[in-house]
Amino acid sequence: MRKIYALLLPLLFLSTLVLAQPASITRVNPTNWWVGMKNPNVQLLVYGPRAGTLTYSVQYPGVKLVKASKVENPNYAFLDLVIAPTAKPGKLQIVGKSGSQTLTRAFELQARDNTPKGQGVTDADFIYLAMPDRFANGDPSNDKFADMRDPSADRASPFLRHGGDLAGAAQHLPYLKDLGVTAIWFTPVLENNQPLTDEGGAQRSSYHGYGFTDHYAIDRRLGGNVGYQAFVRQAHAAGLKVVQDAVYNHVGNTHWFIQDLPMKSWLHQWPTYTNTSYRQQPITDPHASRIDRKVTLDGWFVPFLPDLNQSNPYLANFLIQHAIWTVENFGVDAWRVDTYMYNDQPFMNRCNKALLTEYPRIHLFGESSVNNVVDQSYYVKNNISFPFKSNQPGGLDFVLEGAIVEGLKEGSGPQRMYEALAQDAVYQDPAKLVTFLDNHDHDRYLSTIGEDFDKYKMGLTWLLTTRGIPCMYYGTEILMKNFKNPSDAEVRRDFPGGFAGDTQDKFTAAGRTARENEAFQFVRTLATYRRTHPALSSGQLMQYLPQDGQYVYFRYGPAGTVLVATNSTDKPVALPTARFAERTKGFTKARNVLTGEDLASIAILQLPAKTAVVLELKP
Ligand code: CA
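Here this note's numbering runs 111 ahead of the position in the sequence shown, where the first position is 1.
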């Protein structure tokens, strides 16, 4: 595929030169900008037949065109503007001239509004991860479009789009709020106008969203730009924040700029198709060879997702400005960054810095799917003397996920969790890591732990009471299960009740089984408590060596102390608390957060078999 692009590019140049048609401008990205941004610079990508052959000028008070750059492909020009603090909102005219031809294109500079944006997520939040196509369908009229490359939608097929959208998710904001969720993270919402693609041996829709085809369009099938703006507004009005899923590493192979590349170095080009090794070590390993590192970083994720070259300054600007534009235009509060470790890390630092400069409270947490703490710390602000220093404030805590879930599966949960957290010294701020038990790429939590309801509650208790920003994958609260067998579509099933014709509606208590209601209430109780209790949402963590299958830790601070005691054995245990005097000092009683029961004494804790108890300590 990469060979084809390399060949295509000179042919396109030739055709544009031979035909010598009048130039035109069909696209300007960003599609608009704002006055009063902290960074006064913006670089416009101007695209259209022979748009790069024009001589540009800009007439607008307070706006200066400082540079117009031509690149290999004559269909592109890059215009560097500087917007003075005195510039007023309005429409400026981009003027392009060539001989007797004069072209104008309006570009809007908007006023910044005061709506919430870039609010960030902290350990006081509880994030809910959902795939919009699989969560709820609020608008059946947008399920499919005949003029898109993949015009299909069919709920009977696990591989095709199912019609879920932002309007559907908006209808269930009260459900999420009731559950105790404070932030929603959708898998990417940008346009994926990709054809059906062979993925894992089956023809699939790009319903997962990771193959962008136009950065400045939200997919019409999810509700388009208007629908996303409306969703964020409604979420904010309901007190929920919105996390957007960023993909900087690659785009879909039918992205408009891939079909007419600005320059060869826009992508990582290889003589023959080269996949990333999917191996983490060459990036952090001080003994790694350059070629191993290059293959990991510059190899393509899959053949239909071309790997962007973020060391290309035009592309880097394009991606960073798009991130800023998205926060300002839609009001998103935080970014989850896809395949963080396969990105050019100096580029990621630039991007993070640009976002944090413009929106100081915003949170950024990348996906670095690694299996050890040293590698994981490389991609966030850390205390290790790596030759490269990441400035990313947070990250997804894959190590803790593995420790908890594999630990629960093997029966060594407390020990594994304890050991993972005992290595937190490598992070500058471990509270900023996003913790989770599964996601759209992993076997579902309930299945991994053998559908053991006691273990299910134990792991969720840890998730919602230990350090970090907890994130739960949709449906966990109603006991959705499955392994990625025969495909990952099994862990991306539709939420029952989100679609017309569903025989069950698990958004309502009446539609859930007794066991599902117990699970829902369990999550709800813990999430609600966490949200309102500062010891859990911002307190420090102290943990004690697990002994005989019992694991005790505390969250504590000026606002209170919470004791979490886990008995992972098959037998009830009476646990004396004298060993924990350092933290129980000054307390004699407690309230059991999960049962509401009051304990007259905490001298000896009665721990049922296979249970984690959460106690708010009282004087
Ligand atoms: Ca729909």
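From the three backbone atoms N, C-alpha and C, an ideal C-beta is built for every residue, glycine too.
Q | Any non-hydrogen atom of ligand 1 closer than 6 Å to Gly274 Cβ | A | yes
Q) So who's on the other strand from Asp709, going by DSSP bridges? A) Arg702
(Q) Measuring alpha carbon to alpha carbon, tell me which residue in Phe564, Asp540 and Arg555 is nearest Glu627. (A) Phe564
Q | For Asp356, the first and last residue of its enclosing beta strand (DSSP E) | A | Going by DSSP, Asp356 is part of the beta strand (DSSP E) stretching over Lys352 to Ala357.
Q: Go ahead and pull the three-state DSSP assignment for Ala620.
A: In the structure shown, Ala620 sits in a helix (DSSP, three-state: H, G or I).
Q) Is Asp613 near ligand 1, judged by its Cβ being under 6 Å from some heavy atom? A) Result no, Cβ not under 6 Å from ligand 1.
Q) Name the DSSP beta bridge partners of Asp265, please? A) Checking the DSSP bridge columns, you'll see Asp265 has no partner listed.
Q: Could you name the residues of the same chain whose beta carbon sits closer than 7 Å to that of Pro262, not counting the 5 residues immediately before and after it, in chain order?
A: Lys255 and Phe256
Q: May I have a chain-ordered list of the beta strand (DSSP E) segments no shorter than 3 residues that lie completely inside the region 502 to 580?
A: none
Q. First and last residue of the alpha helix (DSSP H) that includes Thr437?
A. Pro424 to Phe441
Q) If you drop the 5 nearest sequence neighbours on each side, which residues of the same chain put their C-beta closer than 8 Å to that of Gln204? A) Closer than 8 Å at the Cβ level, and outside the excluded window around Gln204, lie Val169, Gln170, Tyr171, Thr215, Arg216, Ala217 and Phe218.
Q: Measure the alpha-carbon distance for Asp444 versus Met528 and round it to whole angstroms.
A: Using only the alpha carbons, I get a separation of about 30 Å.
Q. Less than 6 Å between the CB of Asp261 and some heavy atom of ligand 1, yes or no?
A. Result no, Cβ not under 6 Å from ligand 1.
Q | Reduced DSSP secondary structure (H/G/I, E/B, other) of Ala720 | A | coil
Q: Keeping to the same chain, check which residues put their C-beta closer than 8 Å to that of Met569; ignore five residues upstream and five downstream.
A: Leu519, Gly524, Thr677, Ser679, Lys721, Thr722 and Ala723
Q: Could you work out which residue in Gly201, Leu176, Tyr239 and Val206 is closest to Leu634 when comparing CA atoms only?
A: Reading the sequence as shown, one finds Val at residue 634 and not Leu. Among Gly201, Leu176, Tyr239 and Val206, the Cα nearest to that of Val634 is on Tyr239.
Q. Which same chain residues, not among the five before or five after Gln282, have their C-beta less than 7 Å away from its C-beta?
A. Ala247 and Gly249
Q) Using CA coordinates, which residue listed in Thr636, Gln421 and Val485 is at the minimum distance from Val725? A) Thr636
Q.
Counting C-beta neighbours from all protein chains within 10 Å, is the total for Ala621 16 or more, i.e. buried, or is it exposed?
A. exposed
Q: Along the beta strand (DSSP E) that carries Arg138, what are the first and last residues, could you check?
A: Arg138 to Asn140
Q.
Would you say the beta carbon of Asp254 is closer than 6 Å to some non-hydrogen atom of ligand 1?
A. Remark: the C-beta of Asp254 is in contact range of ligand 1, defined as less than 6 Å to any heavy atom.
Q) Looking at the structure shown, is Tyr470 part of a helix, part of a strand, or coil, going by DSSP? A) coil
Q. Excluding five sequence neighbours on each side, which residues of the same chain lie with their C-beta closer than 8 Å to the C-beta of Ala195?
A. Pro151, Gly173, Val174 and Lys175
Q. With Asp276 and Asn253 assumed to form a contact (beta carbons below 8 Å), what rounded beta-carbon distance in angstroms separates them?
A. 6 Å
Q.
Please identify the residue among Arg266, Thr587 and Tyr490 whose C-alpha is closest to the C-alpha of Asp613.
A. Arg266
Q: Could you name the residues of the same chain whose beta carbon sits closer than 8 Å to that of Ala533, not counting the 5 residues immediately before and after it, in chain order?
A: Within the same chain, and ignoring the five residues on either side of Ala533 in sequence, the residues whose Cβ sits closer than 8 Å to its Cβ are Gln654.
(Q) For Tyr359 and Asn140, which I take to be in contact (beta-carbon distance under 8 Å), what is that distance rounded to the nearest angstrom? (A) Going by Cβ atoms, the distance from Tyr359 to Asn140 rounds to 15 Å, so no, they are not a contact pair.
**Q.** Identified DSSP bridge partners for Asn493
**A.** Asn493 pairs with Tyr538.
Q: Compute every distance between the C-beta of Asp250 and the non-hydrogen atoms of ligand 1, then say whether any falls below 6 Å.
A: yes
(Q) Distance check for Ser135 and Tyr567, CA to CA, integer angstroms please. (A) One Cα belongs to Tyr567, the other to Ser135, and the distance between them is close to 60 Å.
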